[in-house]
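Here is the structure we will look at, set down as structure tokens.
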Amino acid sequence: MVKQNTSNPVVLQVLPELEMGGVEIGTVEIASGLQKKGITNFVASQGGRLVRDLDRMKVEHLTLPLKTKNIFKMRKNADELAKFIKEKGINIVHARSRAPAWSAYWAAQKAGVHFMTTFHGTYGLGPWGLKKFYNRVMTYGERVIAISEHIKHHILTNYKTSEDKIRLVHRCVNTEKFSPEAITQERIINMVHDYNIPDDKKVLLLGGRITRWKGQHLLIKALAKLKNQNYYCIIAGDEQGREDYLRELKRLIKKHGLENRVSIFGKVLDMPALMMVSNVILSTAIEPEAFGRIAIEGQAMGKIVIASNHGGSLDSIVDGKTGKLFINNNTASLAEAIDWALALSEEEEKKIAKAAIKNVKDNFTKEIMCDKTIKVYEELVASDKKND
Numbered sequence: 011m012v013k014q015n016t017s018n019p020v021v022l023q024v025l026p027e028l029e030m031g032g033v034e035i036g037t038v039e040i041a042s043g044l045q046k047k048g049i050t051n052f053v054a055s056q057g058g059r060l061v062r063d064l065d066r067m068k069v070e071h072l073t074l075p076l077k078t079k080n081i082f083k084m085r086k087n088a089d090e091l092a093k094f095i096k097e098k099g100i101n102i103v104h105a106r107s108r109a110p111a112w113s114a115y116w117a118a119q120k121a122g123v124h125f126m127t128t129f130h131g132t133y134g135l136g137p138w139g140l141k142k143f144y145n146r147v148m149t150y151g152e153r154v155i156a157i158s159e160h161i162k163h164h165i166l167t168n169y170k171t172s173e174d175k176i177r178l179v180h181r182c183v184n185t186e187k188f189s190p191e192a193i194t195q196e197r198i199i200n201m202v203h204d205y206n207i208p209d210d211k212k213v214l215l216l217g218g219r220i221t222r223w224k225g226q227h228l229l230i231k232a233l234a235k236l237k238n239q240n241y242y243c244i245i246a247g248d249e250q251g252r253e254d255y256l257r258e259l260k261r262l263i264k265k266h267g268l269e270n271r272v273s274i275f276g277k278v279l280d281m282p283a284l285m286m287v288s289n290v291i292l293s294t295a296i297e298p299e300a301f302g303r304i305a306i307e308g309q310a311m312g313k314i315v316i317a318s319n320h321g322g323s324l325d326s327i328v329d330g331k332t333g334k335l336f337i338n339n340n341t342a343s344l345a346e347a348i349d350w351a352l353a354l355s356e357e358e359e360k361k362i363a364k365a366a367i368k369n370v371k372d373n374f375t376k377e378i379m380c381d382k383t384i385k386v387y388e389e390l391v392a393s394d395k396k397n398d
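Note that my numbering has the sequence shown beginning at 11, numbered continuously upward.
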């Protein structure tokens, strides 16, 4: 390993691009946390809207075509990264996605510095497991961060990786944005007015892009089974060109006579305000979420959260105390969970809301995520001292 800057971490995060997304937002959050701690850090990507946030924080960004899967361009990226690493005295390279991870891995080897990764999802193995080699770079790190127990299990099940080097660091919720105190009365009034949300019924909200694996169809079928009819349901999200699925959802709504009870909105810009006017936040994914940010955002807002009993939701929801888990892909179980939520007394709702907010503050804040990640960086730096 290089000997310069071994007393403190000097970190380079590497990812494909910096548009809006969970990986991208998490990268910027870590950069912000490092900057606040006085830890020198850099980010390399193809660029995007979030580069502006790095500029405001005075975190230097290196623009390279890191989204490419062309082996020759990946090798060229590695050379450019290695040069940058040596120029800036970087001693830790932290990769967050597969294609740029190969470039980052080669660069770290060339520069003689530490390499680590964050496993953000359950990467497909492809026919006959052909993608396994391509994915495997995410396990090459001296430390591998898993964002949930589900992801940790996926790594251990599918790759020959030592559990000793895996570190569990959950993703976080921005409590400055997602908290009851952050939502002004004006935003609430605008939300109710703009979307014509009734104030005499309990509001159910399923947020997230319109795609089958998110389970919007499952929710509509479950609503048809509800005993409690005092509700209004909002499905909010961008269909991203999935017009056939959107038409299917509308047909289901009509088939079950739910036209006056269920509305499908497009992309909602002020999701915290929409959560604030809702009573129940739903996460109905039929495939396991790597983490499931909606579940902790809903808890941070002090809302009743109902989620599938698989994936990251198992890490974030204490069943019956901070929310409710239902049997995955089971309409009867989902209907039962919604009926449970709709039947809660005001006192019971307040008790769950208090526990949910505390759960987030104790386990899923940006500060906690950053501190745990910094500890991983410090582990790597400390290993240099042991080897001296």
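Just so it is clear, CB atoms sit at the ideal spot from N, CA and C, and this is done for glycine as well.
What do you get for residue i, buried or exposed, if any count of 16 or more other CB atoms within 10 angstroms of its CB means buried?
i           : result
residue 208 : exposed
residue 30  : exposed
residue 117 : buried
residue 112 : buried
residue 82  : exposed
residue 392 : exposed
residue 250 : exposed
residue 95  : buried
residue 355 : exposed
residue 335 : buried
residue 195 : exposed
residue 20  : buried
residue 161 : buried
residue 79  : exposed
residue 39  : buried
From the DSSP output, in three-state form, read off residue i for me.
i           : result
residue 362 : helix
residue 382 : helix
residue 191 : helix
residue 335 : strand
residue 163 : helix
residue 143 : helix
residue 205 : helix
residue 149 : helix
residue 17  : coil
residue 12  : Any reading at residue 12 must be qualified, since the residue scores a pLDDT of 42, below 50, and its modelled position is unreliable; no value is offered.
residue 115 : helix
residue 248 : coil
residue 168 : helix
residue 227 : helix
Does chain D have any CB closer than 8 Å to the CB of residue i?
i           : result
residue 196 : The question asks about chain D, but that chain is absent: this structure has only one protein chain.
When you compare only the Cα positions, how much space is there between residue i and residue j?
i           : j           : result
residue 345 : residue 173 : 38 Å
residue 268 : residue 234 : 8 Å
residue 294 : residue 216 : 8 Å
residue 370 : residue 330 : 16 Å
residue 232 : residue 76  : 43 Å
residue 99  : residue 91  : 12 Å
residue 316 : residue 197 : 25 Å
residue 41  : residue 68  : 10 Å
residue 366 : residue 292 : 14 Å
residue 178 : residue 287 : 33 Å
residue 150 : residue 386 : 15 Å
residue 283 : residue 188 : 9 Å
residue 103 : residue 375 : 24 Å
residue 13  : residue 73  : Below a pLDDT of 50, predicted positions are generally treated as unreliable, and residue 13, at 44, falls in that range; the measurement from the model is reported next regardless. Rounded to the nearest angstrom, the two C-alpha atoms are 27 Å apart.
residue 131 : residue 297 : 12 Å
residue 205 : residue 114 : 46 Å
residue 35  : residue 337 : 30 Å
residue 326 : residue 306 : 7 Å
residue 254 : residue 222 : 10 Å
residue 228 : residue 342 : 10 Å
residue 372 : residue 185 : 12 Å
Excluding sequence positions up to five away, which residues of its chain have a Cβ less than 6 Å from the Cβ of residue i?
i           : result
residue 301 : 157, 158, 181, 322
residue 389 : none
residue 15  : No answer about residue 15 holds up, because its pLDDT of 49 lies below 50 and its placement is not dependable.
residue 120 : 92
Is the separation between the beta-carbon of residue i and that of residue j shorter than 8 Å?
i           : j           : result
residue 353 : residue 168 : no
residue 55  : residue 97  : no
residue 126 : residue 106 : no
residue 278 : residue 230 : no
residue 281 : residue 190 : no
residue 37  : residue 25  : yes
residue 53  : residue 44  : no
residue 289 : residue 314 : yes
residue 259 : residue 226 : yes
residue 261 : residue 183 : no
residue 332 : residue 378 : no
residue 165 : residue 155 : no
residue 244 : residue 213 : yes
Apart from the five residues just before and just after residue i, which ones in its own chain have a Cβ nearer than 7 Å to its Cβ?
i           : result
residue 47  : 384
residue 146 : 169
residue 211 : 240, 241, 242
residue 7   : What the structure shows of the chain is the stretch from 11 to 398, and residue 7 is not part of that stretch, so it cannot be assessed.
By Cβ distance, which residues of its chain are closer than 8 Å to residue i, with the 5 residues on each side in sequence left out?
i           : result
residue 349 : 236, 237, 238
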